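Enquirer: Pasting in a structure now, in C-alpha cells, and then I'll have a few things to ask.
Residue numbers (full-length UniProt numbering): 1 to 414.
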C-alpha cells in the first residue's frame, strides 16, 4: 500500500526540452518562459493524503513516470552557481509539503554515526552534491562539526541558509520543562544557526537531567550505568516544543520512535499537531498500521535505518549479524539488476515512492550521489509488494536493550 503517489497534470517537459538546447543561456531562457505556469501535483493514495507538493517546489516527482524537473527559480540559482541544469536535475530532491505548509526534502543526509573528524567535510560535500536536508541530534555528538560544514558552504556561496532544511532532536535528558529551551539554544549555537527547520523529540523517554558541562552528549546512562528516569510527562515536554514553535526557534515539530498509541495520545493534548514522525522503517520492519495512522492525521513519515541490519553492524549488534543483509537478499538484488540500480537505491526508492522520506549517509562520494538520485526511476506495484512482503516485524533500535560502550556512547545488547 502506498503512502503517497503523485498525480501530475499535463505540464511542459521542462527538463527534457531544455536538455536539447545547446548552451546554458538558451536553456535558462526556455525554462524562464514557463515561469508562471502552475504546477500543482498532489500526493494521493488509496488510504488518504499525507502530504502535498507545493505549486513551485525545487523539483517535482512522479512515481508514474519519474523525472525531476527544476523550477525556474531553482534552475536560475543553479546557473548562478555555475552548475549545469542536467547535473542539478540528477541530484536535487523532491519536496514534501508538511501539514503546516512547510516544504521538506524527500531525501536527506543522516548524521547518525558520522565521525567528528570528517563530519564538516561530509556535510560540505553533501551540499555540493545536492543534499539540502541534514538530520542531526544532540545524541550524535557532531552538531558543531556539522555546523562548520554548513557555514563553509554558505560562505562559499553554495547555498543560503534558507535553502537548507536542518533537523535536530531533543535528547531524553532534557525533557524537563525548564530544560527544553536552554538545550535548544545550545544546539542552535552548536550549528551556528538561529532556527531549526524541524526539531524532534528523539525518544518518548524522559531521563534525569545531565548538565552539559558535565557530560555531553549525556547518552542513556547515569554515572552508575543505570537508566535514571525523570517524572516529566511527554505532554509537558511536547507543550515546551510548542512554545519553541511559537517563538520561531523551530519551524516544525517532530516526534520519533512513537508507536500508534503514543501518537493518539499526542492528538489528545497537542495544540499544534506534529508535522513528522521519524521511525525505523525498512522491508524487515514495515509498520504499515502506523504508516496508515500517520496518513490519516497528515503526519509525514521519515524512515531511519532504511537498510535494516546493515545500519547496525558497526554497533556490533548480534541481531544484525545474524540477520540476512537486505543488500544481499535475492529479491532486492534481482530488482536492482532489472533497473540497473544498486540494492541501496532500490531500498530507498521503495520508501520514497510510497511518500516516505529517507536520510541515508555515506562516506563515499559516488554513493552520496546514488542515494540522492532515487526518484529518477520507478518500481512496479508488484515490486513494491514483493519488497514489502519481506516484513518480519524485526526491530533493531530497541532502547530497552542498550548498554554503555565507553565515553558516553551506547550500543545494543541484542
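Ideal Cβ placement from N, Cα and C applies to all residues, glycine included. All values derive from a computational prediction rather than experimental measurement.
Kindly identify the DSSP beta-bridge partner or partners of residue 338.
Expert: DSSP, once it has assigned bridges, lists no residue as partnering residue 338.
Enquirer: Can you give me the C-alpha to C-alpha distance between residue 193 and residue 344, rounded to a whole angstrom?
Expert: Those two C-alpha atoms are separated by around 32 Å.
Enquirer: Rounded to whole angstroms, what's the CA-CA distance from residue 264 to residue 294? Just pull it up for me.
Expert: So the alpha carbons of these two residues sit roughly 10 Å apart.
Enquirer: Span of the alpha helix (DSSP H) holding residue 302?
Expert: Taken as a continuous stretch (DSSP letters only), residue 302 belongs to no alpha helix (DSSP H), being part of the beta strand (DSSP E) at 300-304.
Enquirer: For residue 313, count the other beta carbons within 10 Å of its own beta carbon; 16 or more makes it buried, fewer makes it exposed. Which is it?
Expert: Under this definition residue 313 is an exposed residue.
Enquirer: Can you find the residues in the same chain that come closer than 6 Å, C-beta to C-beta, to residue 236, ignoring five residues on each side of it along the sequence?
Expert: 177.
Enquirer: Does residue 160 pass the burial test, meaning 16 or more other C-beta atoms within 10 Å, or should it be called exposed?
Expert: With fewer than 16 other Cβ atoms within 10 Å, it is exposed.
Enquirer: Would you identify the three-state DSSP class for residue 90, choosing helix, strand or coil?
Expert: In this prediction, residue 90 has a pLDDT of 42, which is less than 50 and means its spatial position is unreliable; what the coordinates show is noted afterwards. Helix.
Enquirer: Does the Cβ-Cβ distance between residue 116 and residue 145 come in under 8 Å?
Expert: Result yes, Cβ atoms of residue 116 and residue 145 sit closer than 8 Å.
Enquirer: Quick one, are the C-beta atoms of residue 229 and residue 204 less than 8 Å apart?
Expert: Going by C-beta atoms, residue 229 is not nearer than 8 Å to residue 204.
Enquirer: Does the segment 153-170 come close enough to the segment 321-332 that 3 or more CB-CB pairs lie under 8 Å?
Expert: Touching, no, given that fewer than three Cβ pairs across the two stretches are closer than 8 Å.
Enquirer: Pair every Cβ in the segment 194-202 with every Cβ in the segment 148-157, then say whether three or more of these pairs are closer than 8 Å.
Expert: Flag = no, the segment 194-202 and the segment 148-157 do not touch.
Enquirer: The alpha helix (DSSP H) that contains residue 154, what's its start and end?
Expert: Note, residue 154: alpha helix (DSSP H), 143-155.
Enquirer: Going by CA-CA distance only, name the one from 266, 338, 349 that's closest to residue 307.
Expert: The candidate whose alpha carbon is nearest that of residue 307 is 349.
Enquirer: Grouping DSSP H, G and I as helix and E and B as strand, with all else coil, what is residue 395?
Expert: In this structure, residue 395 counts as coil in the three-state DSSP scheme.
Enquirer: Name the two residues that bound the continuous beta strand (DSSP E) containing residue 256.
Expert: Counting along the chain, the beta strand (DSSP E) containing residue 256 begins and ends at 253-256.
Enquirer: Counting along the chain, where does the alpha helix (DSSP H) carrying residue 322 start and finish?
Expert: It spans 318-322 - the alpha helix (DSSP H) in which residue 322 sits, taken as one unbroken run.
Enquirer: When burial is assigned at 16 or more other CB atoms within 10 Å of the CB, is residue 182 buried or exposed?
Expert: Residue 182 comes out exposed.
Enquirer: In three-state DSSP terms, what is residue 161?
Expert: Note: residue 161 maps to helix in three-state DSSP.
Enquirer: Looking at the structure shown, is residue 282 part of a helix, part of a strand, or coil, going by DSSP?
Expert: Here residue 282 sits in strand by DSSP.
Enquirer: Can you look up residue 168 in the DSSP assignment and give me helix, strand or coil?
Expert: Looking at residue 168 - three-state DSSP - the assignment turns out to be strand.
Enquirer: Please check the pair residue 121 and residue 149, which I expect to be a contact at CB under 8 Å, by giving their CB distance rounded to whole angstroms.
Expert: So it is a contact: roughly 7 Å between Cβ atoms.
Enquirer: Residue 366: which of 290, 259, 126, 381 sits nearest, CA to CA?
Expert: Checked all of 290, 259, 126, 381; the closest Cα to residue 366 is 126.
Enquirer: Under 8 Å, do residue 276 and residue 106 count as touching if we go by C-beta distance?
Expert: No. Outside cutoff.
Enquirer: For the alpha helix (DSSP H) that residue 387 lies in, which residues bound it at each end?
Expert: It spans 381-388 - the alpha helix (DSSP H) in which residue 387 sits, taken as one unbroken run.
Enquirer: Determine the burial state of residue 111: buried for a count of at least 16 other Cβ atoms within 10 Å of its Cβ, exposed for fewer.
Expert: The residue is buried, with at least 16 neighbouring Cβ atoms inside 10 Å.
Enquirer: When DSSP labels each residue in this structure, what does residue 353 get in the three-state scheme?
Expert: Note: residue 353 maps to coil in three-state DSSP.
Enquirer: Would you mind giving the Cβ-Cβ distance between residue 109 and residue 131, rounded to the nearest angstrom? I have them listed as a contact below 8 Å.
Expert: Going by Cβ atoms, the distance from residue 109 to residue 131 rounds to 5 Å, so yes, they are a contact pair.
Enquirer: Could you give the distance in angstroms between the alpha-carbon of residue 397 and the alpha-carbon of residue 247?
Expert: If I take the Cα positions, the gap works out to 33 Å.
Enquirer: Is residue 392 buried or exposed, if buried means 16 or more other CB atoms sit within 10 Å of its CB?
Expert: Its Cβ having fewer than 16 others within 10 Å, residue 392 is exposed.
Enquirer: In whole angstroms, what is the alpha-carbon distance linking residue 311 and residue 339?
Expert: Near 24 Å, if we compare the C-alpha coordinates of residue 339 and residue 311.
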